[in-house]
Each structure stands twice: as structure tokens, then as C-alpha cells.
Amino acid sequence: MSVQSISKTSITQRFDSYQPSKTLLAWACVVTAIATMIIGFSWGGWVTGGTSSKAAAAAGDIARGELASAICVERFKAAPDASAKLIEFKAITEGYKQRQFVEAGGWATMPGQTSPDSRSVQACATALAV
-1 MSVQSISKTS ITQRFDSYQP SKTLLAWACV VTAIATMIIG FSWGGWVTGG
49 TSSKAAAAAG DIARGELASA ICVERFKAAP DASAKLIEFK AITEGYKQRQ
99 FVEAGGWATM PGQTSPDSRS VQACATALAV
């Protein structure tokens, strides 16, 4: 027999006969769990419940603003003097005055509210300016 075959055989035998202790197995499980969490939160896209709640709230606010903006544009276009108002609106060059025009017209005020949301006014003015 060659030396290489003897060393392979002894390594295989030692590996097969190895009996780890319960302490070693417990620590291996702990380290594996921690490594899994670190990898999951760092690269796996995992988030906590608080983070997902904040993201959902932000997405809801954005969706509400987009919907309110679309309703504002439709109300503006449905007004009896829409073409004249659009010409008047496009003649205004300052963005804040355009927002004031939309707000004063009442197109951005949603049913059940007394005043419009500033994000929906901004989005409506931007959509009408195009």
C-alpha cells in the first residue's frame, strides 16, 4: 500500500468515527441561526414588521395622492368652462401660483373634506401643466 492510500483511509476512518458532543451541536445550531438571520436581513430582503408597516403606509399615501390627483384632473376637465380655465392655468408660469389656482378652483378638494391635500394639489397642477 502506498502512503497516500493509508492517509486517505485513516482520515476517512477518523471522520466516520467522530462523535461531536451535544454542546458542540448546540453551538453549531446557534451560529447557523445567527448567520441565517444576518444573511437574510442584509442580503435576503427580510424586514421587520415595523419596517413593512411604514412601507405600506407610505405606499398608501402615494396611492391616495395619485387617485386624488386623477380625480382633480377629471373634475377640471369636466367643468363647463374647462378650455378657458386651462388656457388661464397654462398662462401662469410660477408653480406655486398654479397650485393656488387649482386649490382656489376647488377641483382638488375631495368629497367629505374641507381643504385639499397639498400633495394632490401639486400632482394635479403638474398633470394639468403637461
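Each residue of the sequence shown is one higher than the one before, starting from -1 at the first, in the numbering used here.
By construction, the Cβ of each residue, glycine as well, lies at the ideal position given by its N, Cα and C atoms.
Hey, how far is the Cα of residue i from the Cα of residue j?
i	j	result
serine 67	phenylalanine 87	16 Å
threonine 21	glutamine 11	23 Å
glycine 38	threonine 49	15 Å
valine 71	glycine 47	36 Å
arginine 73	tryptophan 105	6 Å
isoleucine 36	leucine 126	48 Å
glycine 63	glutamate 92	22 Å
arginine 117	lysine 52	18 Å
tyrosine 94	valine 45	38 Å
According to DSSP, is residue i helix, strand or coil?
i	result
glycine 42	coil
glycine 48	helix
methionine 35	helix
threonine 112	coil
glutamine 120	helix
tyrosine 16	coil
threonine 21	helix
glycine 104	coil
isoleucine 9	helix
valine 128	coil
aspartate 59	helix
alanine 89	helix
alanine 77	coil
In or out: residue i buried (at least 16 other Cβ within 10 Å) or exposed?
i	result
glutamine 96	buried
threonine 107	buried
alanine 33	exposed
cysteine 27	exposed
proline 109	exposed
Return the Cβ separation of residue i and residue j in integer angstroms, given the expectation that the two are a contact with Cβ distance under 8 Å.
i	j	result
isoleucine 85	phenylalanine 99	Actually they do not touch by this definition, with Cβ atoms about 12 Å apart.
lysine 83	alanine 77	6 Å
glutamate 101	valine 128	Incorrect: roughly 19 Å between the Cβ atoms, too far for contact.
Should residue i be counted as a contact of the ligand MG given a C-beta to heavy atom distance under 7 Å?
i	result
isoleucine 90	Questions concerning the ligand MG fall outside what the structure shown contains, since it holds no ligand whatsoever.
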